[in-house]
Structures are given as structure tokens and as C-alpha cells.
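Visitor: With full-length UniProt numbering, the residue at position 53 of the sequence shown is 53, and numbering never jumps. Glycine included, each C-beta is placed from N, C-alpha and C at the ideal position. If you scroll down you'll find the structure; I have some questions about it.
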Amino acid sequence: MLSLVYGTLCLAWRDLEEEEYHEWSLLFKEANSSLVDREWRVAEVCQRIEHGFEIIELQQLKIAFRDAVPETIETLRKAGINLDADW
């Protein structure tokens with residue numbers, strides 16, 4: 001069985017100073033290794049760096065998912081991969 005999902009793909013960038021990245025990276029590693037509230041802590045740390053982007057491209061997507069996709073998305077999120085979608 002297939003489910004149709006609509007989403008938006010956004011490609012953006014910004015320059016980071018090496019020091020800013022280094023500080024953020026340490027915070028991210030700490031949050032990602034947390035045993036308590038890991039998802040919340042990672043999201044909080046990501047918000048510190050996810051600002052001031054220059055949008056390069058936006059695309060609307062129509063995606064056909066198979067039954068196992070929700071479980072795959074959950075596995076990716078648990079691995080620390082940021083998926084900004086309401087699936």
C-alpha cells in the first residue's frame with residue numbers, strides 16, 4: 001500500500017566562523033549523547049545554529065511512501081537526523 005505525502009524541500013546556506021561551529025559542535029555532541037530528553041536537547045542545540053540562512057532553492061514534493069516508511073523516519077530521527085516534516 002502507498003501513502004501520498006506532500007512536502008517542501010528547502011536548500012539554504014550561511015557562512016559559519018570556525019569558532020562558532022566548534023562551540024556548537026561540542027554542544028551537539030553532548031546533547032546527542034544524552035540519556036535523558038535527547039531529542040529535545042538536540043533540537044534545542046540545532047536551533048542555536050539554524051538561523052540567518054540564504055535560501056537557494058525551494059521545491060514542492062509529492063512523495064509516495066510504502067508502509068514501512070514511518071518506522072524508517074522514526075529510526076532516522078533517533079539517529080539524530082533532523083527531519084522537519086509532519087509525517
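1. Taking Glu57 as the reference, which of Trp13, Ile49 and Glu39 has the closest Cα?
2. Select from Asn32, Phe65 and Arg66 the residue whose C-alpha is nearest the C-alpha of Ile81.
3. Using the C-alpha atoms, what's the distance from His22 back to Pro70?
4. Kindly indicate which residue of Leu4, Leu16 and Glu74 has the alpha-carbon position closest to the one of Gly52.
5. Give every residue of the same chain whose Cβ lies closer than 8 Å to the Cβ of Leu27, excluding the five residues on either side of it in the sequence, and list them in chain order.
6. What residues in its chain sit with their C-beta under 7 Å from that of Leu83, if we drop five residues either side in the sequence?
Guide: Once the coordinates are examined:
1. Trp13
2. Asn32
3. 33 Å
4. Leu16
5. Val45 and Arg48
6. Ile73, Leu76 and Arg77
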